[in-house]
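What follows is a single structure, written as structure tokens, with notes after it.
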């Protein structure tokens, strides 16, 4: 009982600081499900995170101490740690911080009972048990203090005594000053230009002081939601200006503006296409997401390096079509975002993701429509070899395909996932009708970083990442050859179109890492191709030089399916339209934008700074010319429109 004779604010704050220390140790000690070291992932942020975490507790304690409300402090810290613990566990599992957008997506009433929400809060069993234990300690400690304090206060009141909460302002002032100093330390060091690894005197511990500042502290869940999100909500509800709509129009087809039913309310929504479709009948559609299909590497096949993916080349070169046919090969195709969930969302929804207002998954109540939903007269099926819960895509997988999606059994032999996925795909293909239209999509996984997803018997696991990448692509292609053989044997083969595209690029060799913006250029240039045995649709292989984007997939598939409806797809019908040479594709990455032009020329820069880089083939330099700066302004203006539309759920009426 002597413990509770201490000033209650000292007791509560001490308990909170100890609990905070335990949380930080757990956070850095537990790997995420991919086995990535969080110490490495947060390199350069550790000092910032630790200082802000302890500083925030002291500042919050000072506020409640000023008002002499110890029970409110205990309850607040219980809530604070509850949210922070959930944030840490979610981040370990999904690499996403809690935010209003995340909560609205995963915990919307339409999703609350499905497997997405349930599984999001569990990375691995050990980590989850440890985090739940800390959560129980936090809540139990908070409730226990309130109960004990209340009972003791009543007992003392009967004798005319009071609990000493301190009359002096010295304690709250001390808490406040200490908290502010801790919070300011990383900022001062950052502004002072402290960089590199420094050795702390006496204890001789090396500390990484790169100080890459960001929302990576325990204050993020509460302060981000309560303060910044509220501010952004008010800001984003401001009227979208004509200038911002003009910035958006710079990246849209020229007829987009003329076909809008309501430009101010829904600037990214247009009426049904009015141009004549290339397809004259509905085609069966095979839609393949190739994991990390790098455009830079796949384009080497056009120069003779056909050993990379011989079955794909057999398809592209027309050897699979003895009676005619062909396809489109886009040399300059770009992803709509990174990682997989962003590229997938951009492809299905037809607009890019936004770093501050992302759509991590699909919730049933929103105003977005994926192109598979518009194929109402098609039988649709999806085979995935990666759990859509992990990819954060389960809600829209269920929305697009209902119960017609399939996941193979877990691989018992290392490196056979694509093989098992193809076994399942072939069984699903066999069930597709031959007298009506169908849509079948599947994805690959062998070429996922670190490119170990093929059997040792297929090829050795070299220490060279590019060699492993090429081996993985060849292995996936060998499975693709099985699919082509089965597809070519079907009676409806000639009225089937095969669409192949990368979900995103991925950094592999030194060329990919010479970039001015993280996950910008090295995550963007993808392979994209459309192929069919029908010579009425394609005659030989057409290698296209115009820029293509994942945002173009929706409009192109609507052509192939003979569907004309209003939609929010930003892209072009690649069968009949070309993006003008001066117009780039667009996507947003973390705090940055990326613009891809013809000839592998790119512009990239930050959404909150003035720098813009331009380059080609991995060589970049700061740009100061008026044209580059103009595109920078348009990209930033478009990001404001997109953020507002996503915030207010106004992508379509």
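Numbering (this note's numbering), first residue to last: 61 to 713.
From the three backbone atoms N, C-alpha and C, an ideal C-beta is built for every residue, glycine too.
- Annotation: residue 568 is outside any alpha helix (DSSP H) and is labelled neither H nor E by DSSP.
- Collapsing the DSSP output to three states places residue 545 in a helix.
- Straight through space, the alpha carbons of residue 331 and residue 547 are spaced by roughly 35 Å.
- Distances from the alpha-carbon of residue 336 to those of 634, 698, 686 and 369 put 634 closest.
- With respect to residue 142, residue 198 sits close: the two C-beta atoms are nearer than 8 Å.
- One thing to note: residue 592 has its Cβ within 8 Å of the Cβ of residue 558.
- Put simply, the backbone Cα of residue 218 is about 20 Å away from that of residue 66.
- Rounded to whole angstroms, the Cβ separation of residue 695 and residue 655 is 6 Å, and the two are in contact under 8 Å.
- Around the beta carbon of residue 203, fewer than 16 other beta carbons sit within 10 angstroms, so the residue counts as exposed.
- Between residue 674 and residue 663, the beta carbon gap of about 5 Å places them in contact (Cβ cut-off 8 Å).
- Annotated three-state conformation of residue 639 is coil, per DSSP.
- Three or more beta-carbon pairs separated by less than 8 Å are not found between the segment 84 to 94 and the segment 206 to 217, which leaves the two stretches without contact.
- Residue environment analysis places residue 119 among the buried positions, since at least 16 neighbouring C-beta atoms fall within 10 angstroms of its C-beta.
- Every unbroken stretch of the beta strand (DSSP E) spanning 3 or more residues and falling wholly within the segment 659 to 688 is given here in chain order: 661 to 666, 672 to 676 and 679 to 682.
- For residue 68, the uninterrupted alpha helix (DSSP H) run begins and ends at 68 to 89, by DSSP.
- Of all alpha-carbon atoms in 132, 117 and 191, the one lying nearest the alpha-carbon of residue 151 is that of 191.
- In the three-state reduction of the DSSP assignment, residue 588 falls in the strand class, which pools E and B.
- If you draw a straight line from the Cα of residue 533 to the Cα of residue 488, it is about 23 Å long.
- Between the segment 381 to 394 and the segment 596 to 611, the count of Cβ pairs shorter than 8 Å is three or higher; the stretches touch.
- Under the Cβ criterion (8 Å, minimum of three pairs), the segment 616 to 623 does not count as touching the segment 639 to 655.
- DSSP lists 586 as the bridge partner or partners of residue 354.
- In the structure shown, residue 700 adopts helical secondary structure according to DSSP, grouped into three states.
- Taking 8 Å as the cut-off, the beta carbon of residue 411 is found closer than this to the beta carbon of residue 630.
- Closest in C-alpha terms to residue 523, from the list 515, 535, 510 and 514, comes 510.
- DSSP places residue 593 outside both helix and strand once states are collapsed to three, so it counts as coil.
- The Cβ neighbour count for residue 551, taken over all protein chains shown within 10 Å, is under 16; the residue is labelled exposed.
- Between residue 537 and residue 369, the C-beta spacing is below 8 Å.
- When rounded, the separation of the alpha-carbon atoms in residue 606 and residue 78 is 59 Å.
- Proximity to residue 405 across 535, 222, 393 and 431 peaks at 431, based on C-alpha coordinates.
- Note on residue 500: 16 or more other CB atoms within 10 angstroms of its CB, so buried under the neighbour-count rule.
- For residue 607, there is no enclosing alpha helix (DSSP H), as DSSP marks it with neither H nor E.
- Restricted to the segment 435 to 514, the beta strand (DSSP E) segments that are unbroken, complete and at least 3 residues in length are 439 to 443 and 498 to 503, listed in chain order.
- Bounds of the alpha helix (DSSP H) holding residue 209 are 185 to 218.
- Exposed is the label assigned to residue 99, since fewer than 16 other Cβ atoms lie within 10 Å of its Cβ.
- Secondary structure at residue 123: helix, using DSSP grouped into helix, strand and coil.
- Under the three-state reduction of DSSP output, residue 645 falls in the strand class.
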